[in-house]
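Down below is the structure, laid out as structure tokens.
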Amino acid sequence: MRPDLLARLAARRQAQAEAGLLRRLRTVEESSAPWLVIGGRRLLSFATNDYLGLAAHPGVRKALTQAVQKWGVGASAAHLLGGHRAPHAELEQALADWTGREAALLFATGYMANVGVLDALLEPGDLCVQDRLNHASLLDGARMAGAELRRYPHVDIAAAARRLAVRPSASALLATDGVFSMDGDIAPLVDLATLAHGSHATLLVDDAHGIGVLGPDGAGSVAAVGLDARAVPVLVGTLGKALGTQGAFIAGPRELVEALAQSARAHVYSTAPPPAVSAATLAAVRLAKGTSGEALRQRLRDNIARLRQGAAQLGLRLLPSETPIQPLLLGDAHSALAWSQALELAGIHVPAIRPPTVPSGRSRLRIALSAAHLPAHVDRLLDALSGLQARMPLTTGINGKP
Ligand SMILES: Cc1ncc(COP(=O)(O)O)c(C=O)c1O
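Under the working numbering, the residues of the sequence shown are numbered 1030 to 1431, in order.
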């Protein structure tokens, strides 16, 4: 008998429930950063990727509203079929200028950008070497392209080199997150660039969590270490995190961007993002680059320092991270869930991150900070964590070890 697909999926869901791995879809009834209303309760949220608080910035909102008046809501077609509007073109140029690249290409989401660029660059039999903690979309893109995917232990350059050396004559892509989305640490980009250069591989950096946050003018983790387009020919950035809007881009040499516009299927066969969102993103880029962006980054850095200092005083060792992503490792999925639920009872929203998003035994609270947090908000989180530490036993990980 042929196995039933729906029954198999239902069985998988049941197994996830039994292992404490079910994720709950929560509806947020209101939001005013850093506050959310869920189930009628007002919660202080540390679940954001809106690191600069730009999602609700008056300048970004105004740009959106004005552009909706001018352009309407939807783009109504794919970029190549009449959907590419002036706000898209202006935003692409602004993103290229900001990141010091010749050109940029928009995608509707970061997931689509990664899948799109890997599927376009790689062919069956090519080699794709990736950090084990890379975002799922980078792994999926390599698989979709039919490339041979070899993953190396997190930030282990020597292991990456060994994987590249296995097939020295195959075309190869070395791909890494710039800032790792669940650990918050920054990839050893200079070493990876040296390795890519020495082994004739192309380097891709997905800077979803670095753009707007790190580097001169917030130009990202790649700019922070001064790597140009020769060292990092393929730079991915997302717009739905520090820029507070939606979408993503690939920036690089004009030749690459023009070729991707022809062959990245996620770009060719998908409706262009709403032009008004691009207009809002352009306003967000201008804010992020300017002095107000620098002031927001300073507030963010102050919040990061305050949390880390407070946590150290409590003996709560966060994973080593200098970015807004400050994970508190709790080990098993049930502990992470219990801590998240206890925090919620105290009026604080911090999601529990469990497998398959993180490896088994590495479940955690992903504390994400924003410039929208006040010092008092950080203190309130620290107080709540201190209370939990006293009454909730930890199976592992409180000292930062797996
Ligand atoms: C490193 C990284 N790349 C890509 C993405 C996907 O971006 P988007 O949410 O725009 O699809 C994410 C989002 O979580 C991410 O963390």
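We put the CB at the ideal spot given by N, CA and C, even for glycine. Because the structure is a prediction, the values reported are computed rather than measured.
C-alpha gap between residue i and residue j, whole angstroms
i: Y1140; j: Q1045; result: 24 Å
i: I1427; j: L1358; result: Residue confidence for I1427 is low, a pLDDT of 43 falling below 50, so the modelled location carries little weight and cannot support an answer.
i: G1145; j: P1153; result: 15 Å
i: R1259; j: L1410; result: 43 Å
i: P1063; j: T1138; result: 23 Å
i: A1036; j: R1053; result: 21 Å
i: T1223; j: A1187; result: 12 Å
i: R1114; j: A1123; result: 15 Å
i: G1249; j: D1033; result: 47 Å
i: A1400; j: L1329; result: 4 Å
i: F1209; j: M1030; result: 44 Å
i: L1093; j: L1316; result: 14 Å
i: T1077; j: L1348; result: 18 Å
i: L993; j: G1276; result: The shown model of the chain, from 1030 to 1431, leaves out residue 993, and the question about it has no answer.
i: K1270; j: Q1159; result: 22 Å
i: L1289; j: E1177; result: 21 Å
i: V1089; j: G1101; result: 17 Å
i: R1395; j: D1148; result: 30 Å
i: L1167; j: P1182; result: 16 Å
i: R1071; j: E1058; result: 10 Å
i: R1192; j: N1163; result: 16 Å
i: V1263; j: S1074; result: 33 Å
i: T1425; j: G1360; result: In this prediction, T1425 has a pLDDT of 48, which is less than 50 and means its spatial position is unreliable; nothing more can be read from the coordinates.
i: D1236; j: A1104; result: 26 Å
i: S1389; j: K1318; result: 39 Å
i: L1285; j: N1332; result: 39 Å
i: T1056; j: Q1327; result: 32 Å
beta-carbon residue i near ligand 1 non-hydrogen atom, thresh 7 Å
i: S1440; result: Outside the shown range of the chain, which is 1030 to 1431, sits residue 1440, and nothing can be said about it.
i: D1408; result: no
i: G1255; result: no
i: N1332; result: no
i: Y1140; result: yes
i: D1235; result: yes
i: D1206; result: yes
i: H1164; result: yes
i: G1145; result: no
i: G1322; result: no
i: H1183; result: no
i: A1309; result: no
i: G1273; result: no
i: G1269; result: yes
i: H1378; result: no
i: A1076; result: no
i: A1277; result: yes
i: H1238; result: yes
For residue i: DSSP bridge partner residues
i: F1136; result: A1277
i: W1064; result: S1061 and L1073
i: D1235; result: D1206 and V1265
i: A1107; result: T1300
i: I1396; result: Q1355
i: I1215; result: V1208
beta-carbon residue i near ligand 2 non-hydrogen atom, thresh 7 Å
i: H1229; result: Absence of ligand 2 from the depicted structure is noted, with ligand 1 being the only ligands included.
For the segment 1292-1308 and the segment 1106-1116, state whether three or more C-beta atom pairs, one from each stretch, are separated by less than 8 Å.
yes
| message | If contact is defined by three or more beta carbon pairs under 8 Å, each pair taking one atom from either stretch, is the segment 1083-1090 in contact with the segment 1311-1325? | response | yes
- Tell me the start and end of each unbroken alpha helix (DSSP H) in the segment 1325-1383 that is at least 4 residues and wholly inside, in chain order. 1362-1374
**Message:** At 3 residues or longer, what runs of the beta strand (DSSP E) sit wholly inside the segment 1066-1095?
**Reply:** 1070-1074
On the three-pair Cβ rule with 8 Å, is the segment 1299-1319 touching the segment 1370-1390?
no
The segment 1202-1209 in contact with the segment 1220-1237 per 3-pair CB rule at 8 Å = yes
- [ ] Could I get the ranges of all uninterrupted alpha helix (DSSP H) runs contained in the segment 1145-1212, with 4 residues as the minimum, in chain order?
- [x] 1165-1174 and 1186-1195
**Asked** How do the segment 1335-1350 and the segment 1362-1371 stand: do at least 3 beta-carbon pairs fall below 8 Å, yes or no?
**Response** no
Measuring CB atoms only, is the segment 1233-1253 touching the segment 1190-1199, in the sense that at least three cross pairs come out at less than 8 Å?
no
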